[in-house]
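Residue numbers (our numbering): 120 to 425. Cβ atoms here follow ideal geometry from the backbone N, Cα and C, with glycine treated the same way. Every value quoted in this text rests on a predicted model; they were computed, and no experiment measured them. Structure, as structure tokens:
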Amino acid sequence: MNQKQLEAFRLVIKTGSLTTASQQLHVSQPTMSRLLSELEKSIGLKLFDRRQGKISVRSEALAFYESVEKVFLGANYLRRVAEEIRNSVGVRLRVGCLPALGLTFMPEIIVGFYTMHPRTSIELTVATSSSVGESIAVGASDIAVVEGTPNLIGVDLLKSFSIPRVGVMRADDPLAQKQVLDLNSYSAGRIVWMASVANAQSTLVRDLGRCAPDSRGSLFVNLASTACRFVSLGAGIAVIDPITAMSLPLSGLVIKPLEPQMKFQFSILRSEKLVLSKEAKTFLDALVTRCEAIEKGLFASDTVVS
């Protein structure tokens with residue numbers, strides 16, 4: 120497997136055409152076909168079906184493409200870094216964050232930091248915790264905030280935080296009249312789940328499974344904001360992190376504490392491979408201070424988001 124073969128494969132997937140890909144790579148179609156065949160042989164995977172001179176993409180090719188694209192994105196990022204170093208544009212800080220925090224208070228921290236350090240370029244990537252963790256493990260991020268307490272090679276877990284999850288329901292739901300949402304007596308069929316039952320690493324799913332193991336008829340989403348949207352449409356209740364619950368602009372939703380209490384854990388990570396700049400350390404201090412404040416701040420037992 121070599122760079123030329125990967126470039127050929129990537130262009131075929133992106134353009135959807137062997138002819139167009141050949142033109143962009145400035146090679147003949149026979150050469151392009153040979154490069155693809157050599158790639159398949161070197162990795163031991165059949166990526167394309169070939170019939171009457173045409174090729175069609177197999178599911179294996181799409182799965183392989185995701186990782187290939189990350190390689191090229193990483194290379195492009197290194198080119199940008201080199202250009203910025205040549206142009207002396209100042210310090211660059213790369214921050215990765217899970218949506219629960221990246222869509223709420225992280226922009227506030229960055230704006231406050233940027234006013235004091237205007238020459239620092241900040242790149243915020245909001246993605247799933249697994250993607251953010253992978254990014255910092257390979258040195259593509261300097262600082263990250265992820266759900267849970269992951270143990271990743273090449274990554275320092277600087278500090279972890281824990282806050283109680285909350286239940287979100289419509290204001291006209293009969294449960295909205297209760298002080299506490301008791302999940303032990305609640306049907307899992309009306310819960311909008313935050314993770315797939317198949318995800319064995321989800322503490323939320325395990326906890327809810329112990330309370331109400333029958334999950335048939337449930338909804339499964341990967342964003343708390345999506346879960347709350349389903350709730351607003353009458354799909355049931357959602358169990359989410361309180362940061363998102365208190366930040367959403369959706370109207371007519373009631374937030375309740377849970378029984379039994381379920382914790383939402385999140386951690387601040389940094390790459391062992393990189394030396395943080397003075398500016399990055401200042402940002403890190405501000406991030407830790409804000410997370411500590413969030414951990415100490417208890418949410419009201421009965422709040423309507425209007």
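In the DSSP assignment, Met365 falls within the unbroken alpha helix (DSSP H) covering 361-366. Bounds of the alpha helix (DSSP H) holding Met151 are 148-162. Apart from the 5 residues on each side of it in sequence, Cys216 sits with its Cβ closer than 6 Å to the Cβ of Met225, Val245, Val264 in its chain, given in chain order. The segment 375-388 makes contact with the segment 256-271: 3 or more CB pairs, one atom from each, lie closer than 8 Å.
Looking only at Gln142, Lys189, Phe167, Ile241, the smallest Cα-Cα distance to Val214 is reached by Ile241. Across the structure, Leu137 and Ser186 are spaced so that their CA atoms are roughly 21 Å apart. Annotation for Val358: Arg284, Gly286 place their beta carbon closer than 6 Å to its own, counting only its chain and skipping 5 residues before and after. Within the same chain, Cβ atoms closer than 6 Å to the Cβ of Val299 are found at Pro376, Glu378, the five residues on either side in sequence being excluded.
Sorting Leu166, Leu395, Gln171, Thr408 by C-alpha distance to the C-alpha of Arg177 places Leu166 at the top. No Cβ-Cβ contact shorter than 9 Å links Gln143 with Leu125. Straight through space, the alpha carbons of Ala256 and Leu192 are spaced by roughly 16 Å. In chain order, Arg129 place their CB closer than 8 Å to the CB of Glu188, counting only its own chain and leaving out the 5 sequence neighbours on each side. Assignment of beta-bridge partners to Asp168 by DSSP yields Ser175. DSSP, reduced to helix, strand and coil, places Met288 within a strand of the structure shown. The shortest CA-to-CA distance from Met313 to any of Val340, Lys297, Leu302, Asp291 is the one to Val340. Met120 places its beta carbon 9 Å or farther from that of Ile174. In this structure, the CA atom of Tyr233 is about 41 Å from the CA atom of Ala354.
A Cβ-Cβ distance of about 23 Å is found for the pair Leu212 and Glu414, leaving them out of contact under the 8 Å criterion. Under the criterion of beta carbons closer than 8 Å, Arg289 and Leu372 qualify as touching, at roughly 6 Å.
Straight-line measurement puts the Cα of Phe280 at about 34 Å from the Cα of Ala182. Excluding residues up to 5 positions away in sequence, Gly215, Ser260 lie with their Cβ nearer than 6 Å to the Cβ of Ser254 in the same chain.
In the three-state scheme derived from DSSP, where H, G and I count as helix and E and B as strand, Glu391 is classed as coil.
Take Gly267, set aside five residues on each side of it, and the residues of its chain with a beta-carbon closer than 6 Å to its own are Gln384, in chain order.
Here Leu222 carries a coil assignment [DSSP, helix/strand/coil].
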